[in-house]
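>
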Amino acid sequence: INHIVHNGGLYKRPFNEAFEETPMLVAVLTYVGYGVLTLFGYLRDFMRQWKIEKCQNATEREEQKDFVPLYQDFENFYNRNLYMRIRDSWNRPICSVPGAKVDMMERVSHDYNWTFTYTGRVIKDIINMGSYNYLGFAQNAGTCQEAAAKVLSQYGAGVCSTRQEMGNLDKHEELEKLVARFLGVESAMAYGMGFATNSMNIPALVGKGCLILSDELNHASLVLGARLSGATIRIFKHNNMQSLEKLLKDAIVHGQPRTRRPWKKILILVEGIYSMEGSIVRLPEVIALKKKYKSYLYLDEAHSIGALGPTGRGVVEYFGLNPEDVDVMMGTFTKSFGAAGGYIGGKKELIDYLRTYSHSAVYATSMSPPVVEQIITSMKCIMGEDGTTVGKARVQQLAENTRYFRRRLKEMGFIIYGNEDSPVVPLMLYMPAKIGAFGREMLKRNIGVVVVGFPATPIIESRARFCLSAAHTKEMLDT
Amino acid sequence: MDMKRVKDYIYWLYYQYLLITCSYVLEPWERSMFHTITVTVFAMVVYTAYVFVPIHVRLAFEFFSQIFGGHPESTV
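Chains A and B supply the protein sequences, listed in that same order.
Residue numbering for the first sequence follows full-length UniProt numbering, starting at 1 and increasing by one per position.
Residue numbering for the second sequence follows full-length UniProt numbering, starting at 1 and increasing by one per position.
1) For residue 20 of chain B, go through chain A and note every residue whose CB falls closer than 7 angstroms to its CB, in chain order.
2) With H, G and I counted as helix, E and B as strand and the rest as coil, what does DSSP make of residue 368 of chain A?
3) Which residues bound the alpha helix (DSSP H) around residue 360 of chain A?
4) Hey, quick one: how far does the alpha helix (DSSP H) through residue 252 of chain A stretch, first residue to last?
5) To which residues does DSSP link residue 105 of chain A through a beta bridge?
6) Exposed or buried, what is residue 399 of chain A when buried is set at 16 or more other beta-carbons lying within 10 Å of its beta-carbon?
7) Would you mind stating whether residue 332 of chain A and residue 341 of chain A have Cβ atoms separated by less than 8 angstroms?
8) How many Å lie between residue 379 of chain A and residue 23 of chain B at the Cα?
9) Here's a check: name, in chain order, each residue in its chain whose Cβ is nearer than 6 angstroms to the Cβ of residue 7 of chain A, leaving out the five neighbours to either side.
10) Which term fits residue 109 of chain A, buried or exposed, when burial requires 16 or more other beta carbons within 10 angstroms of its beta carbon?
11) Could you tell me whether any Cβ in chain B is nearer than 8 angstroms to the Cβ of residue 42 of chain A?
12) At the level of alpha carbons, what is the spacing between residue 59 of chain B and residue 51 of chain B?
13) Determine the closest residue to residue 143 of chain A out of A/373, A/222 and A/208, with distance taken between C-alpha atoms.
14) Between residue 437 of chain A and chain B, is the shortest Cβ-Cβ distance under 8 angstroms, so that the two count as touching?
15) Does the Cβ of residue 175 of chain A have 16 or more other Cβ atoms within 10 Å, making it buried, or fewer, making it exposed?
16) Pick from A/255, A/166, A/402 and A/311: whose alpha carbon is nearest that of residue 523 of chain A?
17) Could you tell me the alpha carbon to alpha carbon distance between residue 356 of chain A and residue 362 of chain A, rounded to whole angstroms?
18) With 8 angstroms as the limit, tell me which residues of the segment 23–44 of chain B have their beta carbon closer than that to any beta carbon of chain A; keep them in chain order.
19) Quick check on this structure: which residue in A/289, A/238 and A/222 has the alpha carbon closest to the alpha carbon of residue 301 of chain A?
20) Please go through the same chain and pick out, in chain order, the residues whose beta-carbon is closer than 7 angstroms to the beta-carbon of residue 252 of chain A, but skip the five residues on each side of it.
21) Measuring alpha carbon to alpha carbon, tell me which residue in B/42, B/41, B/3 and B/27 is nearest residue 37 of chain A.
22) Can you list the residues of chain B that residue 427 of chain A reaches, using a CB-CB cut of under 7 angstroms?
23) Mind listing the chain B neighbours of residue 78 of chain A? Cutoff is C-beta to C-beta under 9 angstroms, in chain order.
24) For residue 229 of chain A and residue 273 of chain A, I'd like the C-alpha separation in whole angstroms.
25) According to DSSP, is residue 138 of chain A part of a helix, a strand, or is it coil?
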C-alpha cells in the first residue's frame with residue numbers, strides 16, 4: 001500500500017511511506033517452516049520428558065514437579081526449541097568502540113548453541129549496521145573525546161547523588177539551557193537514562209481520570225509509563241489518523257466510562273521514528289487534530305533527534321512546524337549524540353513542575369559529568385557553534401546515505417518497510433531459518449547486522465534491521 | 001566451466017530448499033530424518049500420480065465429450 005500524500009497545504013514535502021503486503025506464497029511457506037519446527041520441537045520435548053536426551057535448559061526441581069508447571073507456555077516452548085538453535089546471532093561481544101567499524105570476539109559452540117566458548121581470536125573491522133550511531137559521534141578520537149577526557153579529570157566519573165540533593169552540577173544547568181536552545185523550547189531537563197525518562201515522567205503528568213491515546217507500536221518505555229500512571233489507555237492503529245480522530249471524537253462525546261464526566265486531560269503519545277518499522281509519524285495531521293480537539297501531545301524523538309531535518313533538530317523541523325505546538329518533547333541522547341540519557345523539553349512551568357514531581361528527578365542518580373560533556377560538545381557541533389561545518393556535513397551525509405541505501409536495496413528487489421527518509425531500514429525476511437542464515441552469512445562477509453524475530457515483531461514478519469550512520473562511507477554501503 | 005556453474009546452481013537450489021523448510025536450523029540427525037520423510041512422501045505422490053492420473057484424465061475426457069459432443073454414446 002503506497003501512501004503518497006500531498007495533503008493540501010499541511011505537508012510541505014511529499015511523504016512517501018510504503019508497507020508492502022506479504023506475498024501470499026511467502027506467508028504460506030513461512031507457516032510451513034514454523035510447522036516443521038513445531039513438530040520437531042514436540043519431538044525433542046518428548047525425548048527430554050522420557051529422558052532419552054539430556055535436558056539442558058531450566059526445569060523445575062524434583063520436589064516441585066507437582067506444583068503448577070512453570071515452563072509449559074508457548075513462550076518457553078519457542079525459547080527452548082527455536083531461539084536456542086539460532087542464538088549465535090545475538091548477544092555478540094564486541095571489544096572496541098561501536099563506530100562505523102567494530103571488532104568482535106569470535107565464539108563457537110560445540111553443542112548447538114547451548115554453551116559458547118571463545119576461540120580467542122578477534123574479528124576486526126566489521127562494518128557496523130546495528131548500532132544507533134546516526135551521526136557518527138561514537139568515536140574514541142576527536143573533539144568530543146578530548147573535552148570529555150578533560151571533564152573526567154576535573155569532575156571525576158560519579159556524582160553519587162540524585163538531582164535534588166547534591167547532584168546538580170553546573171554542567172547539568174549548562175546542558176539543559178543548551179538543549180532548550182537546540183530544540184527551540186523554553187526550558188528542558190535531562191535525566192540519566194532514556195527508558196527511565198519515559199516510564200517515570202508519564203506518571204507525573206497524567207493520573208487517574210485522564211485518557212492516554214497511544215500508537216499501536218509504541219516502545220516498551222511508553223507503554224510502561226502509561227500503565228504505571230493509572231490513566232485509561234486506548235490504542236489507535238499505527239500512524240492512522242482516521243483511527244485517532246475517531247477515538248478523540250468518541251472520548252470527547254462520551255467522556256469517562258462510567259460517570260460520563262469529561263476527561264481531565266487527553267494525552268496523545270507518539271514517537272518520531274518507530275524503530276521496528278522505520279516509519280515517521282504524520283506530525284502535521286496529529287498537531288491539527290490536537291488543536292481541534294484540545295488535547296496534549298507527547299512526542300518521543302528517541303530515534304529522530306539529530307537524524308531528521310535539515311539541521312538535525314528532529315521530526316518537528318523535518319515537517320517545518322513550530323516546536324511550541326508540541327507540548328512535551330522527549331528524546332534520548334543515546335542515539336545520535338553518542339552518550340546516554342534522556343531529556344524532556346517544553347514550557348517553563350511544565351519543566352519546573354517536573355523538577356519537583358518526577359520520580360526520576362527525585363530518586364535516580366544524575367548524569368555522569370563526562371557523558372554530559374560529550375553531549376554538550378556534540379550538540380554544539382551539530383548546531384555549528386564550535387566554528388566548523390562538521391555538524392551540518394554529518395547531517396547531510398546521513399540523509400544521502402539513507403536515500404542511496406534504500407534506493408539500492410529496492411533495486412535489488414528486497415522488501416523494505418517504512419518511510420523514504422528514515423535512517424532505520426528494516427528488510428523483511430519472513431522465514432525463521434532465514435533469520436539465522438542471514439546473520440551468519442553477513443558475519444562471514446564482515447558485516448554486523450541485527451536480525452529481529454518473534455517476540456519483538458509479529459510472528460511471520462521477521463526482519464533484519466539496518467541502522468545507517470553518517471560515518472558510513474559509500475564504499476562501505478556498496479559491499 | 002559449465003559443469004561448475006550447473007553444480008553451483010544445484011547447490012543454490014538445495015540451499016533455498018533448506019532455508020524455506022527450516023531444515024537449515026535442525027541438527028544433523030533431525031535433518032536426515034526430515035529428508036527421509038520428505039523424500040518418502042514425495043515418492044509416494046509421484047507414484048500415485050503416475051498410476052492414477054492417465055485413467056482419471058481419460059474418464060473425465062469421455063464424460064465431458066459425452067455432454068458436448070453428441071448423444072450416440074448415450075448407452076455407455
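Using N, Cα and C, we set each Cβ at its ideal position, and we do this for glycine too.
To lay it out plainly:
1) The residue you call residue 20 of chain B lines up with position 20 of the second sequence. Those are 29, 33 and 431, listed as they occur along chain A.
2) Taking the first sequence and counting its residues from 1, the one referred to as residue 368 of chain A is at position 368. Look at residue 368 of chain A here: in three-state DSSP terms it is coil, with no helix or strand label.
3) For the purposes of this step, residue 360 of chain A is identified with residue 360 of the first sequence, where counting begins at 1. Segment 359–363, the alpha helix (DSSP H) holding residue 360 of chain A.
4) Numbered from 1 along the first sequence, position 252 holds the residue referred to as residue 252 of chain A. Start and end: 241–254.
5) Against the first sequence, residue 105 of chain A aligns to sequence position 105. Residue pairing for residue 105 of chain A: DSSP places it in a beta bridge opposite A/122.
6) Taking the first sequence and counting its residues from 1, one reaches residue 399 of chain A at position 399. Here residue 399 of chain A is buried: its Cβ has 16 or more other Cβ atoms, across all protein chains shown, within 10 Å.
7) Against the first sequence, residue 332 of chain A aligns to sequence position 332. Against the first sequence, residue 341 of chain A aligns to sequence position 341. It is a contact, given that the beta carbons lie within the stated cut-off.
8) Within the first sequence, residue 379 of chain A is the residue found at index 379, counting from 1. Within the second sequence, residue 23 of chain B is the residue found at index 23, counting from 1. Whole-angstrom Cα-Cα distance: 49 angstroms.
9) By one-based count along the first sequence, residue 7 of chain A stands at place 7. Bear in mind that the predicted position of residue 7 of chain A carries a pLDDT of just 45, short of 50, making it unreliable; the figure below should be weighed with that in mind. The beta carbon of residue 7 of chain A sits closer than 6 angstroms to none of the beta carbons in its chain outside the five residues before and after it.
10) As a working note, residue 109 of chain A is residue 109 in the first sequence. Result: exposed.
11) Translated into the one-based positions of the first sequence, residue 42 of chain A becomes position 42. Answer no: the Cβ-Cβ gap between residue 42 of chain A and chain B never drops below 8 angstroms.
12) Within the second sequence, numbered from 1, the residue matching residue 59 of chain B stands at position 59. Within the second sequence, numbered from 1, the residue matching residue 51 of chain B stands at position 51. Each residue's Cα considered, the two are about 14 angstroms apart.
13) Translated into positions along the first sequence, residue 143 of chain A becomes position 143. Selected option, being the one with the closest Cα: A/373.
14) Translated into positions along the first sequence, residue 437 of chain A becomes position 437. Interface residue (Cβ-Cβ distance to chain B less than 8 angstroms): residue 437 of chain A is classified as such.
15) If you number the first sequence from 1, residue 175 of chain A lands on position 175. The residue is buried, with at least 16 neighbouring Cβ atoms inside 10 Å.
16) Because chain A spans 1 through 479 in this model, residue 523 of chain A falls outside it and cannot be assessed.
17) Position 356 of the first sequence, counted from the first residue, corresponds to residue 356 of chain A. Position 362 of the first sequence, counted from the first residue, corresponds to residue 362 of chain A. Residue 356 of chain A and residue 362 of chain A have their alpha carbons spaced roughly 7 angstroms apart.
18) For the segment 23–44 of chain B, which is checked against every Cβ of chain A, the residues closer than 8 angstroms are 23, 24, 25, 26, 27, 30 and 34.
19) Taking the first residue of the first sequence as position 1, residue 301 of chain A is located at position 301. Check the Cα spacing between residue 301 of chain A and each of A/289, A/238 and A/222: the tightest is with A/222.
20) Here residue 252 of chain A refers to the residue found at position 252 when the first sequence is read from its first residue. By the criterion of a C-beta distance shorter than 7 angstroms, residue 252 of chain A is surrounded in its chain by 293, once the five residues flanking it on both sides are discounted.
21) On the first sequence, residue 37 of chain A is found 37 positions in, with the first residue counted as 1. The candidate whose alpha carbon is nearest that of residue 37 of chain A is B/27.
22) In the first sequence, counting from the first residue as 1, residue 427 of chain A sits at position 427. Result: empty, since nearest Cβ-Cβ is about 15 angstroms, beyond 7 angstroms.
23) Against the first sequence, residue 78 of chain A aligns to sequence position 78. Under the 9 angstroms cutoff, chain B gives no residues; its nearest Cβ is about 13 angstroms from residue 78 of chain A.
24) Counting from 1 along the first sequence, the entry for residue 229 of chain A is found at position 229. Counting from 1 along the first sequence, the entry for residue 273 of chain A is found at position 273. So the alpha carbons of these two residues sit roughly 24 angstroms apart.
25) As a first step, residue 138 of chain A must be located in the first sequence, where it is residue number 138. In the displayed model, residue 138 of chain A falls within coil according to three-state DSSP, outside both helix and strand.
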